[in-house]
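Student: Numbered per mature numbering (1 follows the signal peptide of the UniProt record, and there is no 0), the sequence shown spans residues -21 to -1, 1 to 119. No residue lacks a Cβ here, since even glycine has one placed at the ideal position from N, Cα and C. Questions regarding the structure given below will be posed in turn.
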Amino acid sequence: MFNTFWLFAFLSVVLVYGKKATVTIPPEYAGELITASVDCVRDTGVDPDMLNQIVQWKLQENDNVKKFIFCVATATGYGDSDGHVVVDKAEKLLSNSHKKKEEFKNILKECNKISGSDKYDTLYKTAKCNREKQPIVFSL
């Protein structure tokens, strides 16, 4: 079965390097992410082992990977049809009292200004931006 720790990398998904605050994805959101990721592996034809690579963002920048990230994001409502993160939904992954919530939200908005060559490339670049800049790491 798949290693589910990678989970929020599609959001964008936002796994980052360095010493970051770790936030557990609330159970009410984790199920939809897992279901979508399994469905999107099938739908996009990516190698299921690629999921482990998402954790470390050691991905080949290719069309199937970009389509997978887009598929998961849009299937769960974390991404829109243009390839940007839906900020209102993504910010719900953090409690209102989380001290990094405002910074998290501002970085989502900043990274959403990125455009790529198409909707898949846009979401890939948006996810990469978030991964590099966000102050937190999501886990299950």
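Specify, as a first and last residue, the run of the beta strand (DSSP E) that S118 falls within.
Tutor: Counting along the chain, the beta strand (DSSP E) containing S118 begins and ends at I115 to S118.
Student: Rounded to whole angstroms, what's the CA-CA distance from D18 to D59? Just pull it up for me.
Tutor: The straight-line gap from Cα to Cα measures roughly 18 Å.
Student: With a CB to CB cut of under 6 Å and the five nearest residues on each side skipped, what residues in its chain are close to residue 178?
Tutor: Nothing can be reported for residue 178: it is not among the residues displayed for the chain, which extend from -21 to 119.
Student: My output table needs one value for G10: the three-state DSSP class, helix, strand or coil.
Tutor: Looking at G10 - three-state DSSP - the assignment turns out to be helix.
Student: Looking at C-beta atoms only, is the number of pairs between the region 40 to 48 and the region 69 to 79 that lie closer than 8 Å three or more?
Tutor: Segments in contact, no.
Student: Can you list, in chain order, the residues of its chain whose CB lies under 7 Å from that of G56, leaving out five sequence neighbours each side?
Tutor: Excluding residues within five positions, the ones whose Cβ falls inside 7 Å are V65 and K68.
Student: In this structure, how does DSSP classify V25 when only helix, strand and coil are distinguished?
Tutor: Reduced to three states, the DSSP call for V25 is coil.
Student: For the beta strand (DSSP E) that V2 lies in, which residues bound it at each end?
Tutor: Its beta strand (DSSP E) spans residues A(-1) to T3.
Student: With a 10 Å radius around its C-beta and 16 neighbouring C-beta atoms as the bar for buried, classify S16 as buried or exposed.
Tutor: Buried: at least 16 other Cβ atoms inside 10 Å.
Student: Taking only three categories from DSSP, how would you classify V65?
Tutor: If DSSP states are grouped into helix, strand and coil, V65 belongs with coil.
Student: Would you check if the distance between the CB atom of K104 and the CB atom of I86 is smaller than 7 Å?
Tutor: Not closer than 7 Å, so no.
Student: Tell me where the alpha helix (DSSP H) around C100 begins and ends.
Tutor: The sequence shown places Asp at residue 100, rather than the Cys named in the question. Start and end: K98 to K112.
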